[in-house]
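This report concerns only the one structure given below.
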């Protein structure tokens, strides 16, 4: 797993089952994330409160900034790198929905009980590539994703409403990331002094307003690269970057490769 401010962000093909505290900071990683818990899971995704009900599997594209708001005594999660998922040729409507920002929900049931497999997969997926146990787990994960795609319902994140002033600021940033917005604009939107707005935001989401804006812009660029034929230069501008040099540098820092290489690799997955 690699998660830092100046390295590519991903968890890889991995699973986990156990207790999880509330997240200290909003983060992003270029995987599809599957969560399930006997208790409701409350996230801030793009600054909007999003709930995965108890007894449901929830799937979302984790390149969008998100943060688990409340601690849970038991959660099962699975991460699948986007490139791996695309290589499985999952239904286009399912993948397109996730890239568009939907939370996909499906009730746990036959073949969809993540908790039963999470601990077993955690060990198997940590083995070396080519190991027989790892390969069996990979095939089982692929089968799970196909069942989710076949039985899905779609819920657009944010319908339950915005969570507090920091959530309002995060939603404002997410919705206007492509614009030339500044800290003063964010503070004005929630009627706060800029200095207090910055302090409140960092206290609530664990990162600065500028860092959150960058996360949103990189995620938007990733989506445009995968879902449109826009030239690379236009992708950077449409995502909110005001110079090509800044776009290339920030994208490479966060995704581990230049925008064109990212598009070629995943388009051929």
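Numbering (my numbering), first residue to last: 14 to 282.
By construction, the Cβ of each residue, glycine as well, lies at the ideal position given by its N, Cα and C atoms.
Item	Value
Is residue 87 helix, strand or coil by DSSP?	strand
Excluding five sequence neighbours on each side, which residues of the same chain lie with their C-beta closer than 7 Å to the C-beta of residue 172?	Low confidence applies to residue 172: its pLDDT is 41, below 50, so where it sits in the model is not reliable, and the reading given next is rough at best. Excluding sequence neighbours, residue 172 sits near nothing in its chain.
In the DSSP output, which residue or residues are listed as bridge partners for residue 81?	56
Measuring alpha carbon to alpha carbon, tell me which residue in 34, 279 and 239 is nearest residue 86.	34
Residue 73 lies in the alpha helix (DSSP H); which residues open and close that run?	Element bounds for residue 73: not the alpha helix (DSSP H) but the beta strand (DSSP E), 69-74.
Tell me, please, whether the stretch 219-233 touches the stretch 258-270 by the rule of three or more beta-carbon pairs shorter than 8 Å.	yes
Identify which residue in 55, 264, 89 and 94 has its Cα closest to the Cα of residue 30.	89
If you measure between the beta carbons of residue 243 and residue 151, is that distance less than 8 Å?	no
Can you give me the C-alpha to C-alpha distance between residue 221 and residue 211, rounded to a whole angstrom?	7 Å
On the criterion of 16 or more Cβ atoms from any shown chain inside 10 Å, does residue 206 qualify as buried, or is it exposed?	exposed
For residue 162 versus residue 104, is the C-beta spacing smaller than 8 Å?	yes
Give the range of the beta strand (DSSP E) segment to which residue 38 is assigned.	Premise fails: residue 38 is in no beta strand (DSSP E) and is neither H nor E.
Which residues in the same chain as residue 84 place their Cβ atom closer than 7 Å to its Cβ, once the five residues preceding and following it in sequence are excluded?	33, 34 and 35
Considering only DSSP beta bridges, list what residue 256 is partnered with.	Partner(s): none; residue 256 has no beta bridge.
Could you check the C-alpha separation between residue 160 and residue 122 for me, to the nearest Å?	10 Å
Quick one: give me the first and last residue of the alpha helix (DSSP H) that residue 2 is part of.	The shown model of the chain, from 14 to 282, leaves out residue 2, and the question about it has no answer.
Check whether the Cβ atoms of residue 54 and residue 71 sit closer than 8 Å, and answer yes or no.	yes
Buried or exposed: residue 258, going by 16 or more other Cβ atoms within 10 Å of its Cβ?	exposed
Using C-beta distances below 8 Å, list every residue in its chain close to residue 125, excluding the 5 sequence neighbours before and after it, in chain order.	70, 119, 157, 160, 161 and 164
Residue 179 to residue 200, Cα distance in whole Å?	10 Å
Do residue 213 and residue 99 count as a contact pair if the criterion is CB distance below 8 Å?	no
Start and end of the beta strand (DSSP E) containing residue 24?	Careful: residue 24 lies outside any beta strand (DSSP E) and carries neither H nor E.
Per DSSP, what kind of secondary structure is residue 231 in: helix, strand or coil?	helix
Locate the alpha helix (DSSP H) running through residue 98, then write down its first and last residues.	95-100
Return the Cβ separation of residue 149 and residue 137 in integer angstroms, given the expectation that the two are a contact with Cβ distance under 8 Å.	7 Å
On the premise that residue 38 lies in contact with residue 218, defined as a C-beta separation below 8 Å, what is that separation, rounded to the nearest angstrom?	6 Å
Report the three-state DSSP secondary structure of residue 30 (helix, strand or coil).	strand
According to DSSP, is residue 49 part of a helix, a strand, or is it coil?	strand
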